[in-house]
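Protein sequence lines correspond, in order, to chains P and U. The first sequence begins at 1 in the working numbering and counts up one residue at a time. The second sequence begins at 207 in the working numbering and counts up one residue at a time. A virtual CB, placed ideally from N, CA and C, is assigned to each residue, including glycine. Just so it is clear, the structure is predicted and the values come from calculations on it, not from any experiment. Okay, structure first, notes after.
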Amino acid sequence: MPKRGAPPEVNAGSMADIAFLLLIFFLVTTTIETDAGLDRMLPPIEPPDTDVIIKQKNIFQVSINRDGQLLADEELTNIQDLREKAKAFLDNGGAPSGSPDYCSYCKGKRDPSSSDSPAKAIISLKNDRETKYGTYITVQNELVGAYNDLRNREAQRLYKKDFTEMEAEYLNPETPDHVREDLKEKVKRIQELFPQKLSEAETTSN
Amino acid sequence: MSKFNKKKDAAVPAVNTASLPDIVFMLLFFFMTVTVMKDSSLKVENVLPNASEIKKLEKKDRVIYIYVGKPTKEYEKVFGTESKIQLNDKFADASEVGDYILMERAKKPQELQNVLTTALKVDKDANMGIISDIKQELRKVNALKVNYTTYEGDAFRNLQ
Chain P
1 MPKRGAPPEV NAGSMADIAF LLLIFFLVTT TIETDAGLDR MLPPIEPPDT
51 DVIIKQKNIF QVSINRDGQL LADEELTNIQ DLREKAKAFL DNGGAPSGSP
101 DYCSYCKGKR DPSSSDSPAK AIISLKNDRE TKYGTYITVQ NELVGAYNDL
151 RNREAQRLYK KDFTEMEAEY LNPETPDHVR EDLKEKVKRI QELFPQKLSE
201 AETTSN
Chain U
207 MSKFNKKKDA AVPAVNTASL PDIVFMLLFF FMTVTVMKDS SLKVENVLPN
257 ASEIKKLEKK DRVIYIYVGK PTKEYEKVFG TESKIQLNDK FADASEVGDY
307 ILMERAKKPQ ELQNVLTTAL KVDKDANMGI ISDIKQELRK VNALKVNYTT
357 YEGDAFRNLQ
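Set out below in structure tokens:
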């Protein structure tokens with residue numbers, strides 16, 4: 001029996017080709033970007049059991065018509081000015097000091113004919129069936145932006161940090177648990193100072 | 207001077223490619239870990255609007271996607287140029303959205319069924335009418351958490 005030599009070496013020259021093949025497959029199937037967007041809650045379909053009476057002055061009505069024109073609080077408004085208007089409305093704090101609705105942290109004009117407090121203030125958004133989706137998103141973005149600006153202001157005052165930053169960290173699954181517990185309290189507190197009350201009425205077509 | 211002559215004669219040594227597979231494997235693993243497979247091919251035009259106040263959609267397993275937009279060129283002849291809804295790989299009517307959500311919800315594990323988000327990927331030129339119909343359907347099946355998926359950018363660019 002002939003003596004066997006060392007086993008022959010496996011030729012690894014084609015390994016690179018195989019790896020390249022796999023690499024190219026993953027390259028073409030990859031979508032790296034994560035989706036992002038505006039989070040919204042829809043109202044439940046069952047009407048609430050008790051009718052809540054809301055004072056007219058606590059509602060900020062925003063309507064968009066089919067040409068993308070904007071009616072905010074019964075005035076024709078530029079979309080660029082919407083954020084400031086919404087902020088002025090939310091931050092108004094019209095309730096007199098001493099009343100249960102008095103808002104101690106509001107920095108608005110305290111106009112008694114506008115909203116009582118951020119907790120009472122409701123923004124109502126109405127749109128036409130022919131409205132462009134892009135316009136609608138811009139308006140949504142500005143309204144959410146108004147809330148975020150005010151929340152950031154309060155978060156800066158209380159915790160020296162932006163609310164949006166804290167919220168993003170809180171929602172990030174990689175944040176360690178003890179940090180998240182701590183953030184949860186803070187995020188909740190700020191959300192209570194400026195609760196997001198954005199109502200979306202059903203669309204009209206006229 | 208003989209030194210120089212010697213060099214001239216020597217053949218260029220072959221580049222050692224032994225580490226090439228390692229490099230390629232490294233790239234391969236990178237792409238393998240960041241890859242998310244496409245689960246449906248788009249049959250509608252889908253240029254999302256821009257927004258700046260966005261939140262990231264973490265955890266892809268908790269998301270149900272609905273696409274809306276004009277049918278692409280190849281489907282234009284059959285489906286027209288009006289905005290359409292795409293569920294999975296099919297065009298659908300607004301009335302089918304509810305069933306689709308219920309079906310997708312049933313596919314997910316029990317503990318996730320209450321925390322699902324519906325991501326609306328809507329072309330920016332679509333009309334709000336079709337969106338309202340979808341929203342109405344979503345409310346009927348109690349899928350109230352929605353995310354209007356957008357690109358990050360200046361929201362005022364949508365108006366042009």
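### Task
Kindly indicate which three-state DSSP category P/VAL144 falls into: helix, strand or coil?
The residue labelled residue 144 of chain P in the question sits at position 144 within the first sequence. If DSSP states are grouped into helix, strand and coil, P/VAL144 belongs with the helices.
### Query
Is it right to say U/ILE270 is buried, meaning 16 or more other beta carbons lie within 10 angstroms of its own, or is it exposed?
As a position in the second sequence, residue 270 of chain U is number 64, starting the count at 1. Per the 10 Å Cβ criterion, buried.
### Message
As an exercise, report each continuous beta strand (DSSP E) stretch of at least 3 residues that is fully enclosed by the region 110 to 168 of chain P, in chain order.
### Response
122 to 127
### Message
With a threshold of 9 Å between beta carbons, is P/ASN206 in contact with chain U?
### Response
For the purposes of this step, residue 206 of chain P is taken as residue 206 along the first sequence, with counting starting at 1. Reliability fails at P/ASN206, whose pLDDT of 48 lies under 50, so the model's placement of it is uncertain and no value is given.
### Message
If I follow the unbroken alpha helix (DSSP H) through U/GLY335, where does it start and stop?
### Response
Position 129 of the second sequence, counting from 1, holds the residue named residue 335 of chain U. Segment 334 to 346, the alpha helix (DSSP H) holding U/GLY335.
### Task
Could you tell me whether any Cβ in chain P is nearer than 9 Å to the Cβ of U/ALA298?
Within the second sequence, the letter at position 92 stands for residue 298 of chain U. No, its Cβ sits nowhere closer than 9 Å to a Cβ of chain P.
### Message
Could you check whether U/ASP329 and U/LEU254 sit closer than 9 Å to each other, using their CB atoms as the reference points?
### Response
On the second sequence, residue 254 of chain U is found 48 positions in, with the first residue counted as 1. On the second sequence, residue 329 of chain U is found 123 positions in, with the first residue counted as 1. It is a contact, given that the beta carbons lie within the stated cut-off.
### Message
Looking only at its chain, what residues have a beta carbon closer than 7 Å to the beta carbon of P/GLU192, apart from the 5 residues adjacent to it on each side?
### Response
The residue labelled residue 192 of chain P in the question sits at position 192 within the first sequence. Take P/GLU192, set aside five residues on each side of it, and no residue of its chain has a beta-carbon closer than 7 Å to its own.
### Task
Could you tell me the distance, in whole angstroms, from the CA atom of P/ALA121 to the CA atom of P/SER99?
Within the first sequence, residue 121 of chain P is the residue found at index 121, counting from 1. Within the first sequence, residue 99 of chain P is the residue found at index 99, counting from 1. Approximately 16 Å between the Cα atoms of the pair.
### Query
What's the gap between the Cα of P/SER97 and the Cα of U/LYS249?
Your numbering for residue 97 of chain P matches position 97 in the first sequence. Your numbering for residue 249 of chain U matches position 43 in the second sequence. As the crow flies, the alpha-carbon of P/SER97 is around 58 Å from that of U/LYS249.
### Query
To which residues of the same chain is P/ASN206 closer than 6 Å at the C-beta, ignoring the five residues directly before and after it?
Taking the first sequence and counting its residues from 1, one reaches residue 206 of chain P at position 206. At P/ASN206 the pLDDT is 48, less than 50, meaning the model places this residue with poor confidence; the figure from the coordinates comes in the next sentence. The same chain holds no residue with a CB closer than 6 Å to that of P/ASN206 once the five nearest residues on each side in sequence are set aside.
### Query
Applying the criterion that 16 or more other CB atoms from any shown protein chain within 10 Å of the CB defines a buried residue, is U/ASP228 buried or exposed?
Translated into positions along the second sequence, residue 228 of chain U becomes position 22. With fewer than 16 Cβ atoms within 10 Å of its Cβ, U/ASP228 is classed as exposed.
#### Entry: Assigned secondary structure, P/THR29 (DSSP; H/G/I helix, E/B strand, else coil)
Locating residue 29 of chain P in the first sequence gives position 29, counting from the first residue. Looking at P/THR29 - three-state DSSP - the assignment turns out to be helix.
### Task
Give the straight-line distance between the Cα atoms of U/PHE297 and U/ILE272, rounded to the nearest whole angstrom.
In the second sequence, counting from the first residue as 1, residue 297 of chain U sits at position 91. In the second sequence, counting from the first residue as 1, residue 272 of chain U sits at position 66. Straight-line Cα distance between these residues: approximately 11 Å.
### Task
Mark U/PRO219 as exposed unless 16 or more other C-beta atoms lie within 10 angstroms of its C-beta, in which case mark it buried.
As a first step, residue 219 of chain U must be located in the second sequence, where it is residue number 13. Exposed: under 16 other Cβ atoms inside 10 Å.
#### Entry: P/ASN78 versus P/GLU142 - alpha carbon distance
Reading the first sequence from its first residue, position 78 is the one you call residue 78 of chain P. Reading the first sequence from its first residue, position 142 is the one you call residue 142 of chain P. The alpha-carbon atoms of P/ASN78 and P/GLU142 are separated by roughly 12 Å.
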